Amino acid sequence: MWDRIFILSLVVFFIGMLAVMAGEFVMPSWSPVTSVVGGSVAGLGGLVGSVSGIVLIFTTDFSRG
């Protein structure tokens, strides 16, 4: 379960970073909105990714299936 959470959090992190980059380079007039929303999504994804990554490192009994 933690491995799926980790992979999903990485996907969410990259979607948030895409939103930030789109606001900075593609739609500069939307930069205040996309920076806050994309930064929040990327930050939340990074936080969940770090917690689930640490749990995966310290957990030795997770199953692969």
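In the working numbering, the protein residues as written are 168 to 232.
All residues carry an ideal CB built from backbone N, CA and C; glycine is no exception.
Since this is a predicted model, take the numbers as computed values, not measurements.
For the putative contact between residue i and residue j, defined by C-beta atoms under 8 Å, what is the C-beta separation to the nearest angstrom?
i, j, result
"Trp237", "Val222", "With the chain running from 168 to 232 in the structure shown, residue 237 is simply not present."
"Gly210", "Ser198", "With 8 Å as the limit, Gly210 and Ser198 do not qualify as a contact, their Cβ atoms being about 17 Å apart."
"Gly213", "Phe173", "12 Å between Cβ atoms; not a contact."
Going by alpha carbons, who is nearest to residue i out of the options?
i, options, result
"Val200", "Gly183, Gly212, Gly213, Leu211", "Gly183"
"Gly206", "Ser176, Phe173, Phe180", "Phe180"
State the DSSP-derived secondary structure class of residue i, mapped to helix, strand or coil.
i, result
"Thr226", "coil"
Where does the unbroken alpha helix (DSSP H) through residue i begin, and where does it stop?
i, result
"Ala186", "169-188"
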